[in-house]
Amino acid sequence: MRWIVVDGIDGSGKTTHALWMKEHYEALGASVTVFIHPSGRVLGRISRRSLQGSGRAMQTMAAIFFMLDVLNSLRLMRKSGSDVVIFVRYLMATAYLPGRLARLGYRFFAKVLPMPENLLLIDIDPKVAFQRIARRQDAREMFEDLPQLERIREKVIGLADGSWRITDNSSSDAESRERLRAILAQWDSGGPGPSP
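For the sequence shown, my numbering assigns the number 1 to the initial residue and increments by one for each residue that follows.
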């Protein structure tokens, strides 16, 4: 089984990239399962509702239920029987933790949780991400304003070590999709995963 994680800030295009990957692997005849976090399952719904609130208590609830949701996805992944499993959001959610807890949380979970070989970080100009979020029909979440997106992006980039492949999604879909094709071609050939 190939396991891929797609991560990045809100509005970066994580789900879009995961769906492009799904198309790619299904075209090759593989069975593909995509887990999006927070999910539509009970734990994910509680996490998402908490994110739509405000304050430290809601932030803490969102983090706890997000992690429980991810742990449930890990359990379901093992039972899926799919050739390819794609997680949308995994470890970079720790960038939403306050202050130095982000780096501590990332290091802790990177040691405790299983890690896939293929990690893709979708980078984006926070202004572009904010414009995309503004066009959505969903209720706004507590981190979906421009100052928060800029702060979280800085943390995410700081957390991305050499094991992450980073691609920019600030331009057109066609350009982003072409960059993704090149990354998948490298991964599929057994080439290097992370960015140089």
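Each residue gets a CB set at the ideal place from its N, CA and C atoms; glycine is no exception.
The structure presented is a predicted model; accordingly, all values stated were derived computationally and were not measured.
Buried or exposed: which applies to residue i, given that a residue is buried once 16 or more other Cβ atoms fall within 10 Å of its Cβ?
{"i": "Phe108", "result": "exposed"}
{"i": "Leu71", "result": "exposed"}
{"i": "Gly99", "result": "exposed"}
{"i": "Glu144", "result": "buried"}
{"i": "Val112", "result": "exposed"}
{"i": "Leu171", "result": "Contrary to the premise, residue 171 reads as Ser rather than Leu in this sequence. The residue in question, Ser171, is exposed, as its Cβ has fewer than 16 Cβ neighbours within 10 Å."}
{"i": "Ser47", "result": "buried"}
{"i": "Thr60", "result": "exposed"}
{"i": "Ser54", "result": "exposed"}
{"i": "Glu141", "result": "buried"}
Less than 7 Å between C-beta atoms, sequence neighbours within five positions excluded: which residues of the same chain meet that for residue i?
{"i": "Leu68", "result": "Leu43"}
{"i": "Ala139", "result": "Gln52"}
{"i": "Arg41", "result": "Asp69, Asn72"}
Can the beta-carbon of residue i be found closer than 8 Å to that of residue j?
{"i": "Asn118", "j": "Trp20", "result": "no"}
{"i": "Ile152", "j": "Tyr96", "result": "yes"}
{"i": "Leu120", "j": "Val34", "result": "no"}
Which same chain residues, not among the five before or five after residue i, have their C-beta less than 6 Å away from its C-beta?
{"i": "Leu24", "result": "It is His, not Leu, that sits at residue 24 in the sequence shown. Contacts found: Leu184."}
{"i": "Ser195", "result": "Residue placement at Ser195 is flagged as unreliable, the pLDDT there being 46, under the threshold of 50; a coordinate-derived value is accordingly withheld."}
Distance check for residue j and residue i, CA to CA, integer angstroms please.
{"i": "Asp125", "j": "Ser39", "result": "25 Å"}
{"i": "Lys79", "j": "Ser31", "result": "13 Å"}
{"i": "Ala129", "j": "Arg135", "result": "10 Å"}
{"i": "Arg177", "j": "Leu104", "result": "33 Å"}
{"i": "Ser189", "j": "Leu28", "result": "13 Å"}
{"i": "Phe66", "j": "Lys127", "result": "25 Å"}
{"i": "Ala93", "j": "Leu146", "result": "17 Å"}
{"i": "Gln137", "j": "Leu91", "result": "26 Å"}
Under the criterion of a Cβ to heavy atom distance below 7 Å, does residue i qualify as lining the ligand SAH?
{"i": "Gly99", "result": "Of ligands this structure carries none, so the ligand SAH is not represented either."}
Margin query: Quick test of the definition: if touching needs 3 or more C-beta pairs under 8 Å, does the region 70-88 touch the region 1-18?
Written below: yes
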